[in-house]
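In our numbering, the protein residues as written are 5 to 190.
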């Protein structure tokens with residue numbers, strides 16, 4: 005089990021070896037490096053049939069929901085009701101035991117999420133015996149937190165994200181990638 009860091013190491017190593025092949029003029033050296041790449045890829049093919057995990061208990065069904073709310077309108081007051089309606093409709097259509105929405109799916113502070121919305125989701129969770137996990141924002145004094153709300157039939161739990169990653173809902177190197185984002189990704 006090498007995990008995501010191991011896979012990243014292997015892929016970057018293969019990219020490095022490939023770039024060295026392109027820069028290398030010596031045919032023998034190129035052949036050795038190509039053989040190394042072929043060996044790694046063949047190893048992956050041979051290892052793909054090995055069962056690396058064992059199931060424990062009954063399978064759990066998971067529903068992933070993406071509301072496709074455009075980032076440029078997500079935080080506008082005028083679209084909050086539409087966003088809530090979109091997610092409420094999508095949640096009602098799901099059958100998973102765990103229903104998962106994106107981080108900050110709800111562009112509201114937790115205390116401003118309408119009671120009727122929460123009650124509707126709690127009813128759905130009770131009927132389907134499921135957990136609905138959705139992202140929102142919580143304020144404590146002057147601090148703000150990304151939170152995950154766990155709505156299930158008999159409770160409402162909040163988890164505060166304690167480790168923020170160094171990237172998020174922004175465009176890195178915007179002066180370079182703005183055109184691609186605007187025309188192809190949004």
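For every residue, glycine included, the Cβ atom is placed at its ideal position computed from N, Cα and C. Please read all numbers here as calculations on a predicted model, not as lab measurements.
Continuous beta strand (DSSP E) stretch holding residue i: start and end
i, result
"residue 154", "147–156"
"residue 162", "159–164"
Classification of residue i by the beta-carbon crowding that lies within 10 angstroms, buried from 16 upward
i, result
"residue 54", "exposed"
"residue 136", "buried"
"residue 17", "exposed"
"residue 91", "buried"
"residue 191", "No information on residue 191 is available, as it lies outside the stretch 5 to 190 that the chain covers here."
"residue 187", "exposed"
"residue 151", "buried"
"residue 88", "buried"
"residue 19", "exposed"
"residue 103", "buried"
"residue 36", "exposed"
"residue 95", "buried"
"residue 125", "buried"
"residue 97", "exposed"
"residue 130", "exposed"
"residue 119", "exposed"
"residue 184", "exposed"
"residue 155", "buried"
"residue 77", "exposed"
"residue 1", "A question about residue 1 goes unanswered here, because the residues of the chain that appear run from 5 up to 190."
Bridge partners - residue i, DSSP secondary structure assignment
i, result
"residue 67", "103"
"residue 139", "152"
"residue 144", "147"
"residue 113", "141"
The alpha helix (DSSP H) enclosing residue i, as first and last residue numbers
i, result
"residue 91", "84–96"
"residue 134", "Element bounds for residue 134: n/a, residue is neither H nor E."
"residue 12", "7–27"
"residue 60", "Residue 60 -> no alpha helix (DSSP H), and no H or E assigned at all."
"residue 46", "31–51"
"residue 188", "Careful: residue 188 lies outside any alpha helix (DSSP H) and carries neither H nor E."
"residue 73", "That residue, residue 73, is in no alpha helix (DSSP H); it is neither H nor E in DSSP."
Nearest-angstrom Cβ-Cβ length linking residue i and residue j, presumed shorter than 8 Å
i, j, result
"residue 196", "residue 74", "Because the chain here runs from 5 to 190, residue 196 falls outside it and cannot be looked at."
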